[in-house]
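Counting the sequence shown from 1 gives a position; my numbering is that position plus 15.
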Amino acid sequence: MISAPSNSSCSTEVEHQFEALINSIPQMAWMARPDGSVYWYNQKWYDYTGKTVEEMMGWGWQSILEPETVPEIVTAWTQTVATGSSWERILKIKGKDGQFRWFLARGVPLRDESGRITRWVGTSTDIDEPIRLKRQITETLDGMSDSFFAIDKNWKITQVNAILLERAHVTRDQIMGRDFRDVFLSAPEAKKSKFWTEYHRLMQDRVPVNFEEYYAPLDIWTAVRAYPTSDGGMTVFAPVITERKRAEIAMRAAKEEAERANALKSAFLANMSHEIRTPLGAMIGFAHLLR
């Protein structure tokens with residue numbers, strides 16, 4: 016066991032119990048001196064990295080990070096230590112097999128009664144599978160030709176695919192985490208549209224909705240299929256149907272025009288028939304007088 020700074024109590028029973036507790040958690044864990052240099056890791060850290068105690072002491076953890084990320088992470092950790100704030104970062108750590116996996120690294124300072132930092136305690140939680148799954152989902156959604164987005168129970172955008180970003184001329188960074196209504200339904204007339212009424216009906220009643228509506232800001236028609244999610248939000252698929260709707264509108268207009276023309280033709284023929292019959296009747300009546 017590597018001892019903590021001389022003013023710590025690593026040799027006490029309390030310290031042993033503390034280390035035993037940290038060793039029992041499922042995450043990789045560590046402890047650092049007030050200056051940020053690490054002096055202890057739990058066994059799971061060594062099992063995953065395959066490194067020795069000597070290799071990991073102090074700032075040795077830099078050797079198992081992606082080389083291109085080391086300067087930025089070291090700077091961020093140094094600033095955290097200087098300010099005494101909490102540490103949280105998603106980063107990649109190399110395992111003993113040479114492969115990198117994603118981890119959520121967190122750390123907090125422990126203070127004495129006077130508020131002085133006595134040590135740092137932190138964990139690194141393996142989140143590789145969720146991140147890879149999320150990326151696979153993103154890649155699948157980005158390959159779709161239909162617009163797609165998802166929101167949480169507070170209307171915050173949690174997912175959006177590439178075609179919607181392209182059509183709306185925005186980036187993920189610009190809209191992720193924002194209220195969907197502020198991004199896409201902020202115009203006064205939007206509150207009168209089916210987008211507004213049907214999405215609110217879904218969020219309130221937790222029922223799927225399907226509708227077709229014209230979206231003026233992008234000059235497109237969409238056929239919306241929206242579904243409630245278990246977290247209180249919703250997912251929305253919205254294929255563009257502009258060409259079909261314009262064809263339908265044109266056909267309807269042509270039909271109405273044809274019906275109007277037929278009505279005018281019928282009226283014209285009826286009028287002509289009347290005009291023809293009127294003088295003919297007079298002539299027949301005059302002929303009867305000549306007999």
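Think of the CB as a built atom: it goes at the ideal place given N, C-alpha and C, for glycine as much as any other residue.
Just so you know, these numbers come straight off a predicted model, no measurement behind them.
- In the DSSP assignment, LEU233 falls outside any alpha helix (DSSP H) and carries neither an H nor an E.
- Following the DSSP letters along the chain, one finds GLN174 in no alpha helix (DSSP H) but inside the beta strand (DSSP E) bounded by residues 172-175.
- Per DSSP, TRP135 is not a residue of any alpha helix (DSSP H); the beta strand (DSSP E) it occupies stretches across 132-141.
- Assignment of beta strand (DSSP E) within the stretch 189-233, counting only whole runs of 3 or more residues, yields 224-230 in chain order.
- In the three-state scheme derived from DSSP, where H, G and I count as helix and E and B as strand, VAL85 is classed as helix.
- Per the DSSP secondary-structure output, PHE252 pairs in a beta bridge with PHE163, ARG240.
- Counting along the chain, no alpha helix (DSSP H) covers GLU128, and no H or E run does either.
- Straight-line spacing of the CA atoms in SER52 and VAL239 works out to 55 Å.
- Distances from the alpha-carbon of ARG134 to those of PRO49, ALA262, PRO223, HIS31 put PRO49 closest.
- LEU80 and GLU87 have their C-alpha atoms some 11 Å from each other.
- Shown here, ILE40 sits in coil according to DSSP, grouped into three states, outside any helix or strand.
- Here the alpha carbon of LEU106 sits roughly 56 Å from the alpha carbon of ALA265.
- For TRP102, DSSP records a beta bridge to GLY122.
- Residue pairing for ALA47: DSSP places it in a beta bridge opposite VAL53, TRP135.
- Note that the C-beta distance between VAL198 and ARG187 is not below 8 Å.
- Residue state for GLY75 is assigned as helix, using DSSP reduced to three classes.
- By alpha-carbon distance to LYS109, the top candidate from MET71, ARG126, PHE210 is MET71.
- The beta carbon of PHE252 is closer than 7 Å to those of ASP161, PHE163, ARG240 in its chain, skipping five residues each way along the sequence.
- The straight-line gap separating the alpha-carbon atoms of PHE118 and ASP62 is approximately 15 Å.
- In the displayed model, LYS149 falls within a helix according to three-state DSSP.
- Collapsing the DSSP output to three states places LYS168 in coil.
- In the structure shown, LYS66 adopts coil according to DSSP, grouped into three states.
- Distance from the CA atom of ALA202 to the CA atom of TYR230, rounded to whole angstroms, is 11 Å.
- It is roughly 20 Å from the alpha-carbon of ARG259 to the alpha-carbon of SER208.
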